[in-house]
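Its first residue numbered 1, the sequence shown is counted upward by one per residue in full-length UniProt numbering.
Built from N, CA and C at the ideal position, the CB exists for glycine as well.
Notes follow once the structure below has been shown.
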Amino acid sequence: MTPDGSKRPPDRHPSGTAQPSDLGTRAGPGPGARGMARDTPGTSKMRRMSYGQGEPPWDPWKPGSQQPQWGNQSTSDTPDWAALADASASRNKRRRLLLIVGGAVATVAVGTAVAIAVVSANSGSDGKPTNSLPGSADLPGGSTSAAEPSFDPTSAPPPLDPLEFISSAKKDKAALSPDTLFPGSQVTLNERVYTKHARSSTTDCASAVRGTLPKALTANGCTRVMRVTYTTKGGVAVTVGVAVFDTADDATKARKATDDKSILTSLPGSGIDPFCRTSVCRTTRNSVGRYAYFTLGGFSGGKDVTTKDTKVFTAGDDLAEYTFRQIHRRGESQASAAASK
Numbered sequence: 001m002t003p004d005g006s007k008r009p010p011d012r013h014p015s016g017t018a019q020p021s022d023l024g025t026r027a028g029p030g031p032g033a034r035g036m037a038r039d040t041p042g043t044s045k046m047r048r049m050s051y052g053q054g055e056p057p058w059d060p061w062k063p064g065s066q067q068p069q070w071g072n073q074s075t076s077d078t079p080d081w082a083a084l085a086d087a088s089a090s091r092n093k094r095r096r097l098l099l100i101v102g103g104a105v106a107t108v109a110v111g112t113a114v115a116i117a118v119v120s121a122n123s124g125s126d127g128k129p130t131n132s133l134p135g136s137a138d139l140p141g142g143s144t145s146a147a148e149p150s151f152d153p154t155s156a157p158p159p160l161d162p163l164e165f166i167s168s169a170k171k172d173k174a175a176l177s178p179d180t181l182f183p184g185s186q187v188t189l190n191e192r193v194y195t196k197h198a199r200s201s202t203t204d205c206a207s208a209v210r211g212t213l214p215k216a217l218t219a220n221g222c223t224r225v226m227r228v229t230y231t232t233k234g235g236v237a238v239t240v241g242v243a244v245f246d247t248a249d250d251a252t253k254a255r256k257a258t259d260d261k262s263i264l265t266s267l268p269g270s271g272i273d274p275f276c277r278t279s280v281c282r283t284t285r286n287s288v289g290r291y292a293y294f295t296l297g298g299f300s301g302g303k304d305v306t307t308k309d310t311k312v313f314t315a316g317d318d319l320a321e322y323t324f325r326q327i328h329r330r331g332e333s334q335a336s337a338a339a340s341k
C-alpha cells in the first residue's frame, strides 16, 4: 500500500518484465495486454509473456550472437540499424564521389600531359611544316655536322645518232680502210661462211668501176673506192665495193645516178681467176650515210649467172647486208665514244 491508501503496483525490471512475485496475478489492461491468459479457479498457472511487453521476439534462424538480449540488459547495447544503414550509404556515396572525381582528375592530367608533349614537339618548328631528315644525333653513326642531302636535278642526255657520224666527213674521223671496214679472214652470215681474199683501196674512183658508174661517182665528189672479194661454196665469188663521199647528200645523188650498166670491176686475187669481166653477173647498189656500196657476184670460172643460180643471189645479198651493218657499226662506235666524253 502507498501512503495514500492505494495499492502499490508490482515491481518490474527496468526492461519492463514482471518480477517472479507477480506471476499468476491478473494483469490489468494496458499496452500489450492481448494474448494474456486468465487465472481459473483451482488452478495455478504461470502467466505467459506477450511479445507486446516491449521485448523483441526470438528468431530461431539467427545465431545466438544476433539474438535479442532478455533480462537486465542495457538498451544502449542494441545497435541503431537505421543509423548504421545511413552511415553505410553515406560511405558508399563518398566512395563513388571520390572515384568520379579521381577519374576526372586523371583524365585532365593525361590530356594536359599529351598537350604539353605536342606543344614541346612543335615548339622548334616556328609554326612551319618541316620536311628535313632527323638530326644526325638521332641516326646511328651520324655526324653532328652532316648537312641535309641535296640532289641536283639531272636528266639523261639523248642518245647520239650513229647516222649523224657517218653522214659527214667532218664527224666521221675514225680510221678507214678495207681491213677496218671488213676485218678478219672470213665471216659467217646466215650460217654461210665467206672467205676474204683480195682487197684494195684507191682515190681514183673511176679506175675501180665500169659502165656508167665512173661518171656517177666522179660527178658527185667520190674521194675513194675500197674493194674486197669473198668466195663461198659452189665456186661463187663476190666483190664488194664502197665509194666514199664527203656528205650523205653526195652519196645519195651518186646512187640515184646509177643504172643497170653501173658495174663494179671485179677484184681477183690469189687462187681466184678474173670473173665477171665478159660473163653475165649479178649486181646490187645502195647507200647509207656518206657511203655508196655495190656488189658484183658470179662464178670464178667465167660461167654466166642465170636466175636459177640462187647461190649467187644469196651470196650477193648476204654481203650487201654485211657491208651496211659494218658501215652503221662504224657510226655506233663513234657515237658511243663521243657520249662517254
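Beta-carbon gap between residue i and residue j smaller than 9 angstroms
| i | j | result |
| --- | --- | --- |
| ARG210 | LEU264 | yes |
| THR284 | GLY316 | yes |
| ARG282 | ASP318 | no |
| SER177 | SER201 | yes |
| PHE165 | ARG330 | yes |
| TYR194 | THR247 | no |
| GLN326 | PHE182 | yes |
| THR258 | ALA216 | yes |
| PRO160 | ALA339 | Note that residue 160 is Leu in the sequence shown, not Pro. Yes, the pair counts as a contact, with Cβ atoms nearer than the cut-off. |
| SER274 | GLY302 | Looking at the sequence itself, residue 274 is Pro, so the reference to Ser does not match. Cβ distance < 9 angstroms, so PRO274 and GLY302 count as in contact. |
| ARG192 | THR295 | no |
Simplified DSSP assignment, three categories, for residue i
| i | result |
| --- | --- |
| residue 359 | There is simply no residue 359 to check, as the chain begins at 1 and stops at 341 in what is shown. |
| VAL312 | helix |
| THR218 | helix |
| SER168 | strand |
| LEU189 | strand |
| GLY302 | coil |
| GLY235 | coil |
| GLY184 | coil |
| GLY52 | At GLY52, the pLDDT of 45 sits below 50, so the modelled position is not reliable; the number obtained from the coordinates is stated separately. The answer is helix: DSSP assigns GLY52 an H, G or I state. |
| ALA320 | helix |
| LYS341 | coil |
| ALA174 | coil |
| ALA257 | coil |
| THR307 | coil |
| THR252 | helix |
| VAL118 | Here VAL118 scores only 47 on pLDDT, less than 50, and its place in the model is too uncertain to base an answer on. |
Same chain, Cβ closer than 6 angstroms to residue i, five either side skipped, listed in chain order
| i | result |
| --- | --- |
| VAL242 | MET226, TYR291 and TYR293 |
| ASP250 | ASN220 and GLY221 |
| LYS253 | ASN220 |
| THR223 | VAL244 |
| PHE299 | GLY235 |
| GLY30 | Because the pLDDT of GLY30 is 42, which lies under 50, any placement of that residue in the model is unreliable, and the question is left without a value. |
| THR203 | ARG224 |
| ASP304 | SER279 and VAL280 |
| TYR322 | LEU189 |
| VAL312 | VAL236, ARG282, GLY297 and VAL305 |
| ALA320 | THR284 and THR295 |
Own chain residues within Cβ distance below 8 angstroms of residue i, not counting five before or after
| i | result |
| --- | --- |
| THR229 | LYS196, HIS197, ALA198, ARG199, ALA237, VAL238, THR239, VAL240, SER266, LEU267, PRO268, GLY269 and ILE272 |
| PHE324 | ASN286, VAL288 and TYR293 |
| GLU332 | PRO162 |
| ASP179 | ARG199 |
| SER168 | ASP246, THR247, ALA248 and ARG290 |
Close-in-space but distant-in-sequence residues of the same chain around residue i (CB under 7 angstroms, 5 per side omitted)
| i | result |
| --- | --- |
| LYS261 | GLY211 and THR212 |
| LYS171 | GLU164 and PHE165 |
| ALA337 | none |
| GLN186 | VAL193, TYR194, THR195 and LYS196 |
| CYS276 | SER266, LEU296 and GLY298 |
| THR306 | none |
Kindly provide the ranges of any alpha helix (DSSP H) runs that are 4 or more residues long and lie completely inside the stretch 262-295, ordered along the chain. Counting only runs of at least 4 residues, the stretch 262-295 fully encloses no alpha helix (DSSP H) element at all.
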